[in-house]
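Peer 1:
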Amino acid sequence: MEVRKQLMRYLLMLILCSNTFISRIQAESVTPEEAMLLRDEVRGMFYHAFDGYMDHAFPRDELKPLSCSGEDTLGGYALTLIDSLDTLALMGDLEHFTTSVEWIGKNLRFDINKTVSVFETTIRILGGLLSAHLIASDYATGMRIPSYNDELLHLAEDLARRLLPAFDTPTGIPYGSVNLLYGVDENESKITSTAGGGTLTLEFGVLSRLTDDPIFEQVTKNSVLALWARRSRINLVGAHINVFTGEWTQKDAGIGTSIDSFYEYLLKAFLLFGDEEYLFIFQEAYAAAMHYLYNDPWYVEVNMNSAALVWPLFNSLQAFWPGLQVLAGDVDPAIRTHTAFFSVWKRYGFTPEGFNLATLSVQHGQRSYPLRPELIESTYWLYKATRDSRYLDAGRDMVASLQYGARCTCGYCHISDVEFHKQEDHMESFFLAETVKYLWLLFDLAAGSDNLVENGPYKYIFSTEGHLLPATPQISLVQEHCSYIGAFCPRSNFGHESPTFDIPMDSQESNATKTVLDTTSLFGHSDGHKSSSVSGVIKIILQGLCPGLSHGQKYGISYVASHSTTPRDEPVDQRVGDVVQSHSVVLLSDSSAISTPVNLQNNTEPSSKGDSETFRE
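Residue numbers (this note's numbering): 20 to 636.
1. For alanine 258, is the classification buried or exposed, using 16 other Cβ atoms within 10 angstroms of its Cβ as the cut-off for buried?
2. Helix, strand or coil for valine 535? Go by DSSP, reduced to three states.
3. Relative to the C-alpha of tryptophan 1, which residue among Ala452, Pro341 and Asp436 is closest?
4. For threonine 239 versus threonine 220, is the C-beta distance shorter than 7 Å?
5. Please report how far the alpha carbon of alanine 54 lies from the alpha carbon of arginine 163, in whole angstroms.
6. Would you mind sorting aspartate 349 into buried or exposed? The rule is 16 or more other CB atoms within 10 Å of its CB.
7. Whose CA, out of Thr398, Tyr388 and Arg366, lies closest to the CA of glutamate 443?
8. If you measure from the beta carbon of leucine 328 to each beta carbon in chain D, is any gap under 7 Å?
9. Can you confirm whether the segment 478-488 touches the segment 147-163 when touching is taken to mean that 3 or more C-beta pairs between the two stretches lie within less than 8 Å?
10. Can you give the beta carbon distance from aspartate 177 to phenylalanine 129, rounded, assuming they're within the 8 Å contact cut?
11. Going by beta carbon distance, what residues of the same chain come within less than 6 Å of aspartate 463, once the five residues before and after it are set aside?
12. Roughly how many angstroms separate the alpha carbons of alanine 306 and tyrosine 318, rounded to a whole number?
13. If you draw a straight line from the alpha carbon of isoleucine 434 to that of serine 48, how long is it in whole angstroms?
14. Going by DSSP in three states, isoleucine 44 sits in which element: helix, strand or coil?
15. Can you tell me where the alpha helix (DSSP H) holding proline 492 begins and where it ends?
16. Pick out whichever of Leu421, Ala377, Asp351 and Asn126 has its Cα sitting closest to the Cα of threonine 370.
17. In whole angstroms, give me the CA-to-CA distance for alanine 245 and threonine 190.
18. Hey, which unbroken runs of the alpha helix (DSSP H) at 4 residues or more fall wholly within the segment 118-177?
19. When you compare each of Ile234, Ser495, Gly195 and Pro316 to threonine 134 by their alpha carbons, which one comes out closest?
20. Tell me which same chain residues have a C-beta within less than 8 Å of the C-beta of glycine 95, skipping the five on either side of it?
21. Tell me the rounded alpha-carbon separation between threonine 358 and tyrosine 402.
22. Assign glutamate 205 to one of three DSSP states: helix, strand, or coil.
23. May I ask you to list the residues that DSSP assigns as paired with lysine 403?
24. Inspect the beta-carbon positions of leucine 5 and alanine 175 and report whether they are closer than 7 Å.
25. Give the straight-line distance between the Cα atoms of leucine 56 and asparagine 126, rounded to the nearest whole angstrom.
26. Should the segment 222-237 be regarded as contacting the segment 249-257, the criterion being three or more beta carbon pairs within less than 8 Å?
27. What is the DSSP secondary structure of phenylalanine 281, counted as helix, strand or coil?
28. Between which residues of its own chain and tyrosine 367 is the CB-CB distance below 7 Å, once the five residues before and five after are set aside?
29. Write down every uninterrupted run of the beta strand (DSSP E) in the segment 410-446 whose length is 3 residues or greater and which is fully enclosed by it, in chain order.
30. Measuring alpha carbon to alpha carbon, tell me which of Thr230, Leu172 and Ser103 ends up nearest serine 448.
31. So, using beta-carbon positions, are alanine 327 and tyrosine 311 closer together than 7 Å?
32. What residue range is occupied by the uninterrupted alpha helix (DSSP H) comprising phenylalanine 360?
33. Below 7 Å between beta carbons: does that hold for threonine 483 and serine 280?
34. Taking only the alpha-carbon atoms, compute the straight-line gap between glutamine 344 and isoleucine 395 and give it to the nearest angstrom.
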């Protein structure tokens, strides 16, 4: 293992020192004034693509930007429009947001004879509908539509119920596809990806909270638990599994293709819902990934049982990982990995689907760049965490690549070969849902951050499709059956007595009483990666406490700076072998800081979101 790590470090040095990867002439860093210009340029990129879709492809699913025509790629229900809704809202375009929501409410139907991907339909369609509903129905967002009457929520519930038959398997892990009219076909494949079964919890969980029907959350959590129950002895999961037998059919473990967003949704489900079971699983899974898959600064694929090296490959879907590490508070390795990944972008102008770390060349058969957002997403999160101008410089380079390499007649084109920048006549809906969204957020943050995410009424969790899911009391304070109007619970729960609190209150606070607690009293102290773990405390926004709830259910959590860094609790080691690894997990904060780490101790024994195609499982 140590020899392999030394080899990977040597390969990185070759890359970083190569004139091919990094120009000798460094451009000046992005200034706040230039950030404003870049933000406006990205806004123009969005409308070039969005208008191209609406003029030439709508209501078909996606745009063919070279021929200026449309194609149905998922279900034939205006996929790109639905995927773009919260980006319109984020940019403050109430006119287009309103007309789009009204059209969808009047015209979209899911009682159609179409067999669709459960994963893609969930993250793109269900997530897009729910995010737009939460924005359009809430005055606090500034994008409330007066005529809106929950049409998107009703559509989301109808769609989710049509996806439910996919979960009717012996393991609880869903089929990969389902027919929206007839259910699962008798000849449907019993093999699905780990990401396909483990990346449904946010959308289905939000729907359960909005409809008061627990079935959606239950089936998706059962799927996650079923996958995790079949992990290897060293806490790794494979890429593909038989949903009937529970046997792994592809035992390659990694953080990219077919597995990536499984890790992502473990942490994000905890952050959004406060369900600590997701956090505990994430702690175990993340520690195993860092021990067996991490060859500083790259990640490789190994056999899930033996940890034997299978594939020394950087695939483009791995690029989300540094952003996830920012959310987890493990910033130092995130910085190093982002530097390595971005060096590949610098070499080709884009990241190919696969880059061979042994030959330092584009992997055969994986030469394309389908406008993926993952590296841009991580760039945004790292800038948000560090305010380091290098990430603005990286964003500027990405804008230049897209403008000069991918822009075409009616939108932005797939790049079929990153070495020759050959354009292909297709534009994925996620270009508008994620790629330009993260670029716009990056530069808007540098220019003054006047947007719903940074200055809105809620903290937002981004789905794996980049959809905005707010941590409102209705969504984040779960299963308590309490009313959060004012700060009281229904009398039926407590008789005629008001709830009492053991936490000291500030008498000057209002109903949404704010109390500051030392996070070590909740989570313990972490001593891993000290330099990247920002000390602080968690600010608890009490929205009306109800007895019997966990802290994650009671509290809305955000970051405030600490006046003391002295830990109150010592970490507890859970020893499995002789090697102890510690990585920090934090709750993401406001726009300027990362919160105090949750202790993460996972000790392991010593020692493929999407395929290379566009679908991202």
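All residues carry an ideal CB built from backbone N, CA and C; glycine is no exception.
The structure displayed is predicted, hence computed values, not measured ones.
Peer 2: On the basis of the data shown:
1. When all chains shown are included, alanine 258 counts as buried.
2. Summary for valine 535: the model assigns pLDDT 26, below 50, so the residue's position carries little reliability, and this model does not support an answer.
3. Residue 1 is absent from the structure shown; the chain starts at 20 and stops at 636.
4. Yes.
5. Approximately 29 Å, taken between the alpha carbons.
6. Sixteen is the threshold: when 16 or more other Cβ atoms of the shown chains lie within 10 Å of the Cβ of aspartate 349, as they do, the residue is buried.
7. Taking only the C-alpha atoms, the option nearest glutamate 443 is Tyr388.
8. Looking at the structure shown, chain D is missing, and only one protein chain is on hand.
9. Touching, yes, given that three or more Cβ pairs across the two stretches are closer than 8 Å.
10. In this structure aspartate 177 touches phenylalanine 129 by the C-beta definition: roughly 6 Å separates them, less than 8 Å.
11. Within the same chain, aspartate 463 has close Cβ partners Arg58 and Asn470.
12. Distance between the alpha carbons of alanine 306 and tyrosine 318 is about 13 Å.
13. Isoleucine 434 and serine 48: Cα-Cα distance of roughly 28 Å.
14. Note on isoleucine 44: pLDDT 39, under 50, position unreliable in the model; the coordinate value appears next. DSSP, reduced to helix, strand and coil, places isoleucine 44 outside both helices and strands of the structure shown, so it counts as coil.
15. Proline 492 -> alpha helix (DSSP H) spans 492-495.
16. For threonine 370, the closest C-alpha among the options Leu421, Ala377, Asp351 and Asn126 is that of Leu421.
17. Rounded to the nearest angstrom, the two C-alpha atoms are 6 Å apart.
18. Runs of the alpha helix (DSSP H) inside the segment 118-177: 146-155.
19. Comparing C-alpha distances from threonine 134 to each of Ile234, Ser495, Gly195 and Pro316 shows the shortest one belongs to Gly195.
20. For glycine 95, where only same-chain residues beyond five positions count, the Cβ hits under 8 Å are Arg79, Asp80, Ile131 and Lys133.
21. Spanning the two alpha carbons is a distance of roughly 13 Å.
22. Collapsing the DSSP output to three states places glutamate 205 in coil.
23. The partner list for lysine 403 (beta bridge, DSSP) is empty, contrary to what the question assumes.
24. Any answer about residue 5 is impossible in this case: the structure gives the chain only from 20 up to 636.
25. About 38 Å.
26. A contact between stretches requires three or more CB pairs, one per stretch, nearer than 8 Å, and the segment 222-237 fails this requirement with the segment 249-257.
27. Three-state DSSP puts phenylalanine 281 in a helix.
28. So the qualifying residues of the chain are Val437 and Glu438.
29. Fully enclosed beta strand (DSSP E) runs of 3 or longer: 433-436 and 441-443.
30. Minimum Cα distance to serine 448 is reached at Ser103.
31. No, these two residues do not count as a Cβ contact at 7 Å.
32. Annotation for phenylalanine 360: the continuous alpha helix (DSSP H) segment containing it runs 350-367.
33. For threonine 483 and serine 280, yes; Cβs fall inside 7 Å.
34. Their Cα atoms are separated by approximately 14 Å.
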